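Report on the structure given below.
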Ligand SMILES: O=C([O-])[C@@H](O)[C@@H](O)[C@H](O)[C@@H](O)C(=O)[O-]
Ligand SMILES: [Mg+2]
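In the working numbering, the protein residues as written are 451 to 909.
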């Protein structure tokens, strides 16, 4: 490198890694139930021109430690040379430049059965946290929004989001510290109350649509019997015939049943997300391809095409129409690169999500804003936190089912340091290591264990 190059780039003067926690409802999934708190990791960068850049990624010790290890590589670096800094972090983990597959968890962790929400935890989460914060700083320095620095630049003014619906357990029966349940029929009251039937799911869809204007709906499945989850979709469609609906059982449905019901009810679905997973020695990609061929239902995934190598296999098999390229594990740049490929190859880009704060909402928004062509409404868990949680002064808003892309420079958000300190204090009080959704489920069903092929609640 030529050290004599003159650069007007600001430098990073300080990097802080801050684990934070927020409150959640008792959302059910294949792995159990969300506990009363979720955790995330934040990166805050200060620059020599007096600015602050921010990034947010999943919580957990592995990512936290890897981010702390990156501090020495980030501090003192030039903001405009962010690629060089990201490559240095990759190299410090033994990854090649641009490699997408290194895990940050230990070999021992990798050896145990990985649950759906663990599949996407890897070095790219670490890269993304720093990448987002550096792009935020660079955008502010140059006076342009982050989406204009990604791929071929900004492609849309609004990003469509979907209503991510969950069956909700009765948190009062758990003895855990969930927020008190409220009376009323607006979204904020309903999101904390039990919802276990098709009509209750349709009520949630109505309340979410009323509050945020959604036209797209996703039900987290793997909880009830397959036909009951499709009955919940049918209940939404009865009330909203034009709704675009999908269901995501995280690969739990046996292929035979999924094909039989997919043929009967597939017309209700805009696409099916990870309907099936590995079976009888065949990979999830092979089984998904069989499902698709047999039912003609389009498929989406955040489980079987989660990096470039898997994408290659998936494409050769014709397994997936909609890769859900969450920037938190594809990186912001990687996610947009995949969006460009989807556009050129006739696939549809979308994004997966996990519980997140409003920093991630901005990150999703900028990545999706830079995705060319027709995209599918992207996942966000934000509706389960919106109104009570925030780490920025003015979170982006979901209006008419979409977020307007901010025209302010960088990510277009302003960190609220007091709220961040409070979320960190909560983390210190409640964090219990890695996410384990079995804990809350065992409060309802003592001795409950995860089974990737059995619904978690209706057993
Ligand atoms: O929040 C959840 O329970 C979801 O199941 C999440 O963990 C998944 O990673 C994700 O949303 C998905 O689409 O599979
Ligand atoms: Mg999914």
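No residue lacks a Cβ here, since even glycine has one placed at the ideal position from N, Cα and C. All values derive from a computational prediction rather than experimental measurement.
* To do: Can you tell me which of 670, 834, 754 and 715 puts its alpha carbon nearest to the alpha carbon of residue 628?
  => The residue given as residue 628 occupies position 178 in the chain shown. Comparing Cα-Cα distances from residue 628 to each of 670, 834, 754 and 715, the minimum goes to 834.
* To do: Give every residue of the same chain whose Cβ lies closer than 7 Å to the Cβ of residue 538, excluding the five residues on either side of it in the sequence, and list them in chain order.
  => Here residue 538 refers to the residue found at position 88 of the chain shown. Once the five neighbours on either side are set aside, the close Cβ partners of residue 538 are 523.
* Asked: Is DSSP giving residue 877 helix, strand or coil here?
  -> Taking the first residue of the chain shown as 1, we reach residue 877 at position 427. If DSSP states are grouped into helix, strand and coil, residue 877 belongs with the helices.
* **Sequence-distant residues of its chain with Cβ nearer than 7 Å to residue 764 (five each side left out)** => By one-based count along the chain shown, residue 764 stands at place 314. Only 735, 754, 755 and 770 meet the Cβ criterion.
* At which residues does the alpha helix (DSSP H) containing residue 654 begin and terminate? -> Numbered from 1 along the chain shown, position 204 holds the residue referred to as residue 654. Annotation: the continuous alpha helix (DSSP H) that includes residue 654 extends over 648-662.
* If you draw a straight line from the C-alpha of residue 795 to the C-alpha of residue 892, how long is it? -> For this step, residue 795 is matched to residue 345 along the chain shown. For this step, residue 892 is matched to residue 442 along the chain shown. Taking the straight line from one Cα to the other gives about 45 Å.
* To do: Apply the 10 Å Cβ neighbour rule to residue 852 and answer buried if 16 or more other Cβ atoms are within range, or exposed otherwise.
  => Reading the chain shown from its first residue, position 402 is the one you call residue 852. So residue 852 counts as buried.
* **Unbroken stretches of the alpha helix (DSSP H), 4 residues or longer, contained in the segment 505-544** => Listed in chain order, the complete alpha helix (DSSP H) runs (minimum 4 residues) inside the segment 505-544 are 511-524 and 532-542.
* What does DSSP give as the partner residues of residue 503 in its beta bridges? -> Along the chain shown, one-based indexing puts residue 503 at 53. 495.
* Can we count residue 670 as close to ligand 1, meaning its CB is less than 7 Å from some heavy atom? -> Your numbering for residue 670 matches position 220 in the chain shown. Result yes, Cβ under 7 Å from ligand 1.
* Asked: Taking contact to mean at least 3 C-beta pairs separated by less than 8 Å, is the segment 495-514 in contact with the segment 601-611?
  -> no
* Anyone know if the C-beta pair for residue 865 and residue 830 falls short of 8 Å? -> Here residue 865 refers to the residue found at position 415 of the chain shown. Here residue 830 refers to the residue found at position 380 of the chain shown. Not a contact, by the Cβ cut-off of 8 Å.
* Asked: For the segment 478-487 against the segment 786-801, are there 3 or more C-beta pairs whose distance is under 8 Å?
  -> Contact fails: fewer than three Cβ-Cβ distances are below 8 Å.
* Locate the alpha helix (DSSP H) running through residue 787, then write down its first and last residues. => The sequence position of residue 787 within the chain shown is 337, counting from 1. Residue 787 -> alpha helix (DSSP H) spans 782-795.
* To do: Note down the Cα distance separating residue 721 from residue 635, rounded to an integer number of angstroms.
  => Position 271 of the chain shown, counting from 1, holds the residue named residue 721. Position 185 of the chain shown, counting from 1, holds the residue named residue 635. Looking at the two C-alpha atoms, the distance is approximately 29 Å.
* Identify the continuous beta strand (DSSP E) that holds residue 668 and give its terminal residues. => Stepping through the chain shown from its first residue, residue 668 is reached at position 218. Where residue 668 is concerned, the enclosing beta strand (DSSP E) stretches over 666-670.
* Which of helix, strand or coil does DSSP assign to residue 909? -> The count along the chain shown starts at 1 and reaches residue 909 at position 459. Residue state, collapsed to three classes: coil.
* Do you know offhand how far residue 548's Cα is from residue 533's? -> Numbered from its first residue, the chain shown carries residue 548 at position 98. Numbered from its first residue, the chain shown carries residue 533 at position 83. Per-residue confidence for residue 548 stands at a pLDDT of 48, beneath the threshold of 50, marking its modelled position as unreliable; the derived number appears in the next sentence. Those two C-alpha atoms are separated by around 10 Å.
* To do: Give a yes or no on whether the C-beta atoms belonging to residue 814 and residue 572 are separated by under 8 Å.
  => For the purposes of this step, residue 814 is taken as residue 364 along the chain shown, with counting starting at 1. For the purposes of this step, residue 572 is taken as residue 122 along the chain shown, with counting starting at 1. No. Outside cutoff.
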